[in-house]
Amino acid sequence: MYQLPPSDWFITAIDMQIFSNKKGFSIIELVVAIALFAILAAGVMNVAINNYRTYYGVGDKQVLMQFAQEGVEAARAIADYSWVTFKNGVGGNHGVTKTSGIWGFSGTSDRLSAFTRVVTVANVQRDSNGNIVSSNGSDDPQTKKVTVTVSGSGMQDYILTAYITDAGSRTWEQTDWSGASGKTYWHDISRTSSLSTAYSSQSNFTTSVAGQLTVAGAAAATMTSSIYTIGSAAKELRSVTVEQSLVPAACSLVITLETSQTSAFSSPASQTISDASGIKYTSSTSDSLNGQLFMRYKVDMAGCSTASTTLYSIKIKYR
């Protein structure tokens, strides 16, 4: 005789059917979710790729890099043409433009299509070993840091930096005063070495020791160098570097640089420099000294009646 299955069998069967239906529904939901995610992800990637191509695609990235590099080369060209113009650009934002084949600063930025370029010039410091440092060093007037920043909407700034040195400078240097006095004009050492130790006039200095210009036991002393011919009014003076002994508190050692259109120096342009804090220092030269044909320097020491101080060398750079 046929018997009905136990009642719990029906319950189990129904539970299994419900479970099976729930499992199928979950798989469908998962498939739909994956499809939606794929569509959304594709859209986001498309936007990102289009943005990348706009600013960092193969062609545009090359334009971007060339635009920045051109800014560096423009700054270098400005420095080569006129170091005075270049160094006067320290501390500001600049655009660059070429007029009649000559690069120059123009405005605070310049543009190429969607890109904006800004050029900045900064002073450079070096430590006692000559290494470039960010702070606590001595200013190097012959070197500047150039930073070129290219920016655009929706892109990260592209930045190039370079150090530009006034490598084209010439140097007039005197390290010895033990030669003859009364020499009006200086001659290049490679041509007449005996005149490299000469000078025009001096009072109360000791010049007998090679490589030293010394004053001791005198209330005041002065020396005027021979005249150096610059050669062209287009030349620009760059800096003066002085090596000296430590200057006692009672003394002063002052260098005066003069330039003139004539060798008579009737109305010279002049700049006075001094630094008693160390044994070597470099000072930038004033723009007022440029555009002249002749230059000379004077050394004045005072207050050394009970002490002594010595000048070892003076180096004047120009181009």
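If you're matching positions, the sequence shown starts at 79 in this note's numbering and goes up one per residue. Even glycine gets a Cβ: it sits at the ideal position worked out from N, Cα and C. The structure displayed is predicted, hence computed values, not measured ones.
Under the DSSP assignment, F193 falls in the beta strand (DSSP E) whose first and last residues are F193 to R204. The beta carbon of D205 sits closer than 6 Å to those of V211 and G215, all from its chain and outside the five residues before and after it, given in chain order.
Separation of V168 and K223 (C-alpha to C-alpha, rounded to the nearest whole angstrom) is 9 Å.
In the DSSP assignment, the residues bridged to W181 are K176. By the 16-neighbour rule on beta-carbons within 10 angstroms, I305 is buried.
In the structure shown, the three-state DSSP call for R189 is strand. L367 has its alpha-carbon roughly 23 Å from the corresponding atom of R154. DSSP, reduced to helix, strand and coil, places M143 within a helical segment of the structure shown. The residues F145, in chain order, have a CB closer than 7 Å to that of L190 in the same chain once the five nearest residues on each side in sequence are set aside. The Cβ-Cβ distance between G149 and V197 falls below 9 Å. Contact between C382 and V318 does not hold, since their C-beta atoms are separated by about 22 Å, which reaches or exceeds 8 Å. Shown here for A311: same chain residues with a beta carbon closer than 8 Å to its own, the five before and five after excluded, namely Q339, G369, Q370 and L371 in chain order. Boundaries of the beta strand (DSSP E) harbouring K376: F372 to Y396, taken from the DSSP string. The residue among T388, W250, Y359 and S330 with its C-alpha nearest the C-alpha of R374 is W250. Within a 10 Å sphere around the beta-carbon of M143 sit fewer than 16 other beta-carbons, which makes this residue exposed. K358: member of the beta strand (DSSP E) spanning K358 to S362, first to last residue.
When C-beta atoms of the segment 325-332 are compared with those of the segment 279-289, fewer than three pairs fall below 8 Å, so the two segments do not count as touching. Using a Cβ distance threshold of 9 Å, T302 and S278 count as a contacting pair.
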